[in-house]
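A quick write-up on the structure given underneath.
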Amino acid sequence: MSLIKEYWHKLSSAKHFYPIAGALLPWLLIPALIMLAWASWQGLVVAPADYQQGDSYRIIFVHVPAAWLSMMAYMIMAVNGVIYLVWKIKLADIVAASAAPIGASFT
């Protein structure tokens, strides 16, 4: 088995995935929050108002990404559910269960 294939196979195990995810979480959380704040500022404050609808047009900058996020969460649940049922990869079940509250809250 090639080195990359072996690495991904090992990473699909929860025993190997959790330490890596735990180490990356603090490093990725701060940039994610900064980008979220910047995007919210750009969409809700900096974007010009529509000439007919005024400021109520800006809801599209929140509504459309939230709808896409919920649809993506449901697709992640479906794909990982099939992966778990076919190949019995436990991490796929964990990912599907973790995507459920995200999809429900953004619906």
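Letter by letter, the sequence shown follows residues 994 to 1100 in this note's numbering. C-beta atoms are modelled at their ideal positions from N, C-alpha and C, and glycine is treated no differently.
For a minimum of 4 consecutive residues, which ranges assigned as the alpha helix (DSSP H) are wholly contained in the stretch 997-1078? 1007-1034
Problem - Selection from W1061, L1084, N1073 that minimises the alpha carbon distance to G1096 - result: W1061
**OP:** Give the C-beta separation of V1055 and G1036 to the nearest angstrom, bearing in mind that I take them to be a contact with Cβ-Cβ under 8 Å.
**Re:** 7 Å
Review point. Is there contact here, the stretch 1018-1031 with the stretch 1040-1053, by at least three beta-carbon pairs under 8 Å?
Key: no
- Message: Can you look up K1083 in the DSSP assignment and give me helix, strand or coil?
- Response: helix
* Expected contact under 8 Å - CB spacing of K1083 and A1007 to nearest Å -> 6 Å
*For P995, which of helix, strand or coil comes out of DSSP?*
Rather than Pro, the amino acid found at residue 995 in this sequence is Ser. Coil, per DSSP.
- Query: Is A1066 closer than 7 Å to A1092 when the C-beta atoms are compared?
  - Reply: yes
Problem set entry | Nonlocal neighbours in the same chain, by C-beta distance under 8 Å from K1003, ignoring five residues either side | H1009
Do the CB positions of A1059 and F1099 come within less than 7 Å of each other?
yes
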